[in-house]
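Written below as structure tokens is the structure these notes are about.
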Amino acid sequence: SSGWYLYAFFGNTGLDFGVNDDGVTNHCDWNTTEGAIRGVDIEEAMLAIAANPAFASCTDTDFMAGVEDGSVVAGVSGVWNASEIKQAWGEDYGAAKLPTYTCAGQQVQMSSFTGYKMMGVNAYSEHKEWALKLADWFTNEDNQMLRLEERDQGPSNINAAASEQVKKVPAIQAVIDQAQYGKLQRVGNSFWDAATEYGNLMATGNTAGADPQEVMDTLVSGITQSTVQ
Numbered sequence: 001s002s003g004w005y006l007y008a009f010f011g012n013t014g015l016d017f018g019v020n021d022d023g024v025t026n027h028c029d030w031n032t033t034e035g036a037i038r039g040v041d042i043e044e045a046m047l048a049i050a051a052n053p054a055f056a057s058c059t060d061t062d063f064m065a066g067v068e069d070g071s072v073v074a075g076v077s078g079v080w081n082a083s084e085i086k087q088a089w090g091e092d093y094g095a096a097k098l099p100t101y102t103c104a105g106q107q108v109q110m111s112s113f114t115g116y117k118m119m120g121v122n123a124y125s126e127h128k129e130w131a132l133k134l135a136d137w138f139t140n141e142d143n144q145m146l147r148l149e150e151r152d153q154g155p156s157n158i159n160a161a162a163s164e165q166v167k168k169v170p171a172i173q174a175v176i177d178q179a180q181y182g183k184l185q186r187v188g189n190s191f192w193d194a195a196t197e198y199g200n201l202m203a204t205g206n207t208a209g210a211d212p213q214e215v216m217d218t219l220v221s222g223i224t225q226s227t228v229q
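Per my numbering, residue 1 is the first one in the sequence shown, and the count goes up by one each step.
And the structure:
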């Protein structure tokens with residue numbers, strides 16, 4: 001039900017979505033009624049997945065609880081949980097790029113949002129030299145390797161990123177494999193609430209009697225609305 005994950009179903013379908021030049025509002029045609037894949041085709045595919053008894057929509061906290069008690073044996077999560085999952089599953093732990101799913105009779109590779117973390121230093125800081133030292137400490141090779149070893153987090157330091165150890169971390173390799181199917185997360189704020197509402201409905205496995213096309217129209221209306229009052 002999270003907009004972060006919801007994008008996976010739409011990103012490689014040929015439909016259009018993104019932030020407008022104003023940097024605030026979005027454009028979106030996920031409710032299209034034309035083309036090889038229509039909006040309702042994606043909706044139908046999502047409902048079919050949600051109706052499967054093996055499927056569960058849960059929060060990150062609930063997902064990790066399921067990993068630990070054995071009720072979750074596979075799922076979509078992020079590298080931030082990699083070390084905890086590895087600890088819980090031991091030798092059974094593995095990771096891979098997102099799968100394909102069946103939509104309008106086709107196998108569609110699931111997409112993803114991509115992002116990055118940046119560390120900056122305020123040039124006007126009264127303690128700029130110390131701030132630079134702190135930034136260097138966080139990003140130097142030794143500490144980036146320590147972060148990799150303890151958290152299975154991909155290093156940004158060039159030397160650390162080139163280490164053989166990076167190739168041994170399944171979660172990082174899965175992210176690298178998935179990157180070609182991802183899109184930088186640049187969206188207007190109206191996307192998130194609309195995506196959550198739609199995702200919550202899809203997670204139930206039915207539209208509660210609502211017309212499928214109207215459901216898609218409502219989603220797009222919410223995504224494209226202006227947040228400026």
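Where is the CB? At the ideal position from N, CA and C, for every residue including glycine.
Within 8 Å, strictly: CB atoms of residue i and residue j
i, j, result
"T25", "T196", "no"
"Q213", "V40", "yes"
"V19", "G199", "no"
"A131", "Q144", "no"
"T102", "M110", "no"
"N206", "L47", "yes"
"M202", "A95", "no"
"S125", "S57", "no"
"A179", "T114", "yes"
Which listed residue (the options) has its alpha carbon closest to that of residue i
i, options, result
"G105", "Q153, A36, N122", "A36"
"L98", "I176, Y124, S57, G90", "I176"
"A65", "A54, A50, N81", "N81"
"Y5", "A54, D22, D60", "D60"
"Y93", "A135, V169, A48", "V169"
"W30", "S2, I49, F9, A50", "F9"
"G231", "N12, Q185, T102", "Any question about residue 231 goes unanswered here, given that the chain covers just 1 to 229."
"T139", "W89, V67, K117", "K117"
"W89", "E141, N157, L201, E68", "E68"
"S226", "I49, S190, M202", "S190"
"Q87", "V215, D211, E150, A162", "E150"
"D119", "S83, S156, L148", "Before going further, note that residue 119 is Met rather than Asp in the sequence given. It is S156 whose Cα lies nearest to the Cα of M119."
"S83", "W137, D152, F55, H127", "D152"
"V215", "F55, A179, W137, T32", "T32"
"S163", "D211, L146, D62", "L146"
"E141", "F63, I158, G70, K183", "I158"
"P53", "S71, K167, E34", "S71"
"V236", "E34, D21, L148", "What the structure shows of the chain is the stretch from 1 to 229, and residue 236 is not part of that stretch, so it cannot be assessed."
Integer-rounded CB distance, given that residue j should sit under 8 Å from residue i
i, j, result
"S112", "Y181", "6 Å"
Residue i classed as buried or exposed, judged by whether at least 16 other C-beta atoms fall within 10 angstroms
i, result
"Y7", "buried"
"E43", "buried"
"V73", "exposed"
"I85", "buried"
"T204", "exposed"
"Q165", "exposed"
"A231", "The displayed coordinates of the chain run from 1 to 229. Any statement about residue 231 would go beyond what the structure contains."
"N12", "buried"
"A45", "buried"
Chain-order list of residues whose beta-carbon lies under 6 Å from that of residue i (same chain, five-residue window excluded)
i, result
"G154", "I172"
"F17", "C28"
"V121", "A131, L132, A135"
Same chain, Cβ closer than 7 Å to residue i, five either side skipped, listed in chain order
i, result
"W192", "G3"
"A194", "L219, G222, I223"
"F55", "I49"
"K183", "G11, S111, F113, T114"
Close Cβ partners of residue i (< 8 Å) along its chain, the five nearest in sequence each way excluded
i, result
"W137", "N143"
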